[in-house]
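Asker:
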Amino acid sequence: MKKSLFFNGIKDGFPIFLGYLAVAFTFGIAASKIGVFASILMSATNLTSAGQFAGLDIIEDSLPYFAMALSQLIINLRYCLMSSSLSQKFDSDMPSIHRYLIAFGVTDEIFGVCSQYKGKLRPSYCYGIIFVSFSGWVGGTLLGAVSGTVLPKSVLSALGIALYGMFIAIIMPSAKKERSIALIIFSSMILSALFSYAPILKTVSSSFRIIILTVLISAIAAVLKPVKESGDKAK
Amino acid sequence: MSGNVYIYIVIMAVVTYLIRMLPLALIRKEIKNTFIKSFLYYVPFVALSVMIFPAILSSTDSFYSAVIGFAVALIAGYLGKSLFTVSLLSVITVFVFELIIF
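Chains A and B, in that order, give the protein sequences. Residues 5 to 239 in the numbering used here are what the first sequence spells out, letter by letter. Residues 173 to 274 in the numbering used here are what the second sequence spells out, letter by letter.
1. By Cβ distance, which residues of its chain are closer than 7 angstroms to Thr-265(B), with the 5 residues on each side in sequence left out?
2. Our contact map puts Ala-58(A) next to Ile-38(A) with C-beta atoms below 8 angstroms; I'd like the distance itself, whole angstroms only.
3. Looking only at C-alpha atoms, which of Ala-173(A), Asp-65(A), Leu-147(A) sits nearest to Cys-118(A)?
4. With the cut-off set at 9 angstroms, would you say Tyr-250(B) and Ala-179(A) are in Cβ contact?
5. One question on the structure: do Thr-111(A) and Thr-52(A) come within less than 9 angstroms of each other, judged by their Cβ atoms?
6. How close, in whole Å, do the beta carbons of Ile-133(A) and Gly-17(A) come, if the pair is a contact with beta carbons under 8 angstroms?
7. Assign Lys-239(A) to one of three DSSP states: helix, strand, or coil.
8. Measuring alpha carbon to alpha carbon, tell me which residue in Phe-21(A), Ile-101(A), Lys-15(A) is nearest Ala-140(A).
9. In angstroms with no decimal places, state the Cα-to-Cα distance between Val-208(A) and Lys-6(A).
10. Does the structure place the stretch 94–107 of chain A close enough to the stretch 120–137 of chain A that three or more beta carbon pairs sit under 8 angstroms?
11. If we ignore side chains and look at the alpha-carbon of each, how far apart do Thr-15(A) and Lys-232(A) end up?
12. Sorted by chain position, which residues of the same chain lie with C-beta nearer than 8 angstroms to Ser-230(B)'s C-beta, five sequence neighbours on each side aside?
13. Kindly indicate if chain A contains any beta-carbon less than 9 angstroms away from that of Tyr-214(B).
14. Taking Val-219(A) as the reference, give the member of Ser-262(B), Ala-227(B), Val-222(B), Asp-233(B) with the closest Cα.
15. Which of helix, strand or coil does DSSP assign to Ser-234(A)?
16. Can you name the residues of chain B whose CB is closer than 9 angstroms to the CB of Val-117(A)?
17. Per DSSP, what kind of secondary structure is Gln-56(A) in: helix, strand or coil?
18. At the 9 angstroms Cβ level, is Thr-207(A) part of the contact set with chain B, yes or no?
19. How far does the alpha helix (DSSP H) with Ser-137(A) in it reach, from first residue to last?
20. My guess is that Ile-228(B) and Tyr-24(A) are in contact by the Cβ rule of under 8 angstroms, so how many angstroms apart are they, rounded?
21. Could you give the residue range of the alpha helix (DSSP H) that holds Val-208(A)?
22. For Val-268(B), does the count of other Cβ atoms within 10 angstroms reach 16, so buried, or fall short, so exposed?
23. With DSSP collapsed to three states, give me the class of Asn-80(A).
24. What's the call for Pro-216(B), buried or exposed, on a 16-neighbour Cβ count within 10 Å?
25. From this set, Ser-158(A), Met-176(A), Ile-188(A), Pro-230(A), which residue's C-alpha is nearest Ile-166(B)'s C-alpha?
26. Ala-243(B) touches chain C at which residues, Cβ-Cβ below 9 angstroms?
27. Less than 9 angstroms between the beta carbons of Gly-32(A) and Leu-147(A), yes or no?
28. Is it true that the stretch 206–220 of chain B meets the stretch 213–230 of chain A, where meeting means three or more beta-carbon pairs spaced less than 8 angstroms apart?
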C-alpha cells in the first residue's frame, strides 16, 4: 500500500466526508425507527444515499423482499455505468482483489473524485477516498441515530452544498481546457433541468433521469467527438 | 413493520454491491473500440453535470443562498482551486449568506 497515495485520497475525499456527514446525519435521524444498530449496519454495508432512504420506507411498509431488491436495482443502476467507466481507469493487470474491494465504494461522489484523477488509478488512492467517505457516512449515521441535535440547522443547510461544490471542482478544469467538454456539461445541465421541470418529463425518477441522459449525451458526444488514442487518458 | 430488518439490509447490500462490482469484474481489458472508449470517457462529465443541476438549487435551505454558493463554486472551480477549497468556499458562502440575509 502506497502511503502517500492513500493520504492523497483522504485529502481529495475530504469534501465527501463533510457532505456525507450532513446527509448521513439526516438519514440517521430518519432511520432511528429501525434502531441505532440496524441504521449503522445499513450505512456500513450499503454506502449509498437514495437507496437507503427508499429502503427505510420499504422496511417500514413491510413490503416483500423482492420489492426491496427491485427498488435497489432501479435506484442504484447508475452505479453500473460508473463502474464501467472506472474499469478503464485501472491497469488491466491490477490484482482482481482490488476490483472487488473498490467496487464496494463506487458512489456518485467517490466515482466523481476517482474520475478526475489524471492517468491510471492506483488502488491506494481509491482506498484513501473510500476510507474518509465511509467514515463520514457511518459517523454521520451514528450521530443522527443517537441524537438529533448535534448539528445545528444552519450548518446542515450550508453543508448541503458541499458535494455539489466538489462536483463542480471536478468538472471545471476540463471544461476550461476543452471546449467540447464545456459544451457537454452545459447541454447536460440544460437537459437535466428540462427533465426536472417540463411536464411529463418531470415524472421520470431522478435515478432514471441520470441514466437516460448520461447514456444519451455520452453516446452523442462519442459519435461527434471520439476520444483519440493520445488523449489525456493515455498518460 | 413486520419483516426482518436484517434480511432487508442484506438484500439491499447484496443487490447494490453486485451492481457496482459486475462491470469492474467483467470489463478488465482496455477497450479498443473508439466509440465505447469515448462513451465511457464522457460518462463522468455528463453524470456529474446531470447530478449538479438543477439539484444544487434545492441543496440548501434557501434558493438564493444556493444560487450564490453555485456561482462561487463555478468561479473557484474555473480558477482551478482544489476539490476541498471549492467545496469549502461554497459551504462558507452559503453559511454566511444565510446568516446575514435570513
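In this text, a Cβ means the ideal position worked out from N, Cα and C, and glycines have one as well.
Answerer: Well, looking at it:
1. Correct list, in chain order: Ile-240, Gly-241, Val-244.
2. The beta-carbon separation of Ala-58(A) and Ile-38(A), rounded to 13 angstroms, does not stay under the 8 angstroms limit for a contact.
3. Distances from the CA of Cys-118(A) to each of Ala-173(A), Asp-65(A), Leu-147(A) were compared; the closest alpha carbon is that of Ala-173(A).
4. Tyr-250(B) places its beta carbon less than 9 angstroms from that of Ala-179(A).
5. Their beta carbons are under 9 angstroms apart, which means Thr-111(A) touches Thr-52(A) by this criterion.
6. The Cβ separation is near 4 angstroms, so the contact holds.
7. Summary for Lys-239(A): the model assigns pLDDT 35, below 50, so the residue's position carries little reliability, and this model does not support an answer.
8. A small fix is needed here, since residue 140(A) is Gly in this sequence, not Ala. Of the candidates Phe-21(A), Ile-101(A), Lys-15(A), the one whose C-alpha sits nearest the C-alpha of Gly-140(A) is Phe-21(A).
9. Here the C-alpha atom of Val-208(A) lies approximately 43 angstroms from the C-alpha atom of Lys-6(A).
10. Yes: at least three Cβ pairs fall under 8 angstroms.
11. Residue 15(A) is actually Lys in this sequence, not Thr. When rounded, the distance between both Cα atoms is 31 angstroms.
12. Excluding positions up to five away in sequence, the list reads Ala-238.
13. Yes, because at least one Cβ of chain A sits closer than 9 angstroms to the Cβ of Tyr-214(B).
14. Measuring from the Cα of Val-219(A), the nearest candidate turns out to be Val-222(B).
15. Residue placement at Ser-234(A) is flagged as unreliable, the pLDDT there being 46, under the threshold of 50; the coordinate-derived value follows with that caveat. Assignment of Ser-234(A) by DSSP, reduced to helix, strand and coil, places it in the coil class.
16. Leu-255, listed in chain order.
17. In this structure, Gln-56(A) counts as helix in the three-state DSSP scheme.
18. Chain B places no beta carbon closer than 9 angstroms to that of Thr-207(A), leaving this residue out of the contacts.
19. Here the alpha helix (DSSP H) through Ser-137(A) covers 127–150.
20. For Ile-228(B) against Tyr-24(A), the beta-carbon gap comes to about 17 angstroms, at or over 8 angstroms, which does not count as contact.
21. Boundaries cannot be given for Val-208(A), as no alpha helix (DSSP H) includes it and DSSP labels it neither H nor E.
22. Val-268(B) comes out exposed.
23. Three-state DSSP puts Asn-80(A) in a helix.
24. Residue environment analysis places Pro-216(B) among the buried positions, since at least 16 neighbouring C-beta atoms fall within 10 angstroms of its C-beta.
25. Examination of residue 166(B) is not possible in this model, given that chain B is present from 173 through 274 alone.
26. Annotation note: the requested chain C is absent from the structure, which comprises protein chains A and B.
27. Gly-32(A) places its beta carbon less than 9 angstroms from that of Leu-147(A).
28. Result yes; three or more Cβ-Cβ pairs closer than 8 angstroms.
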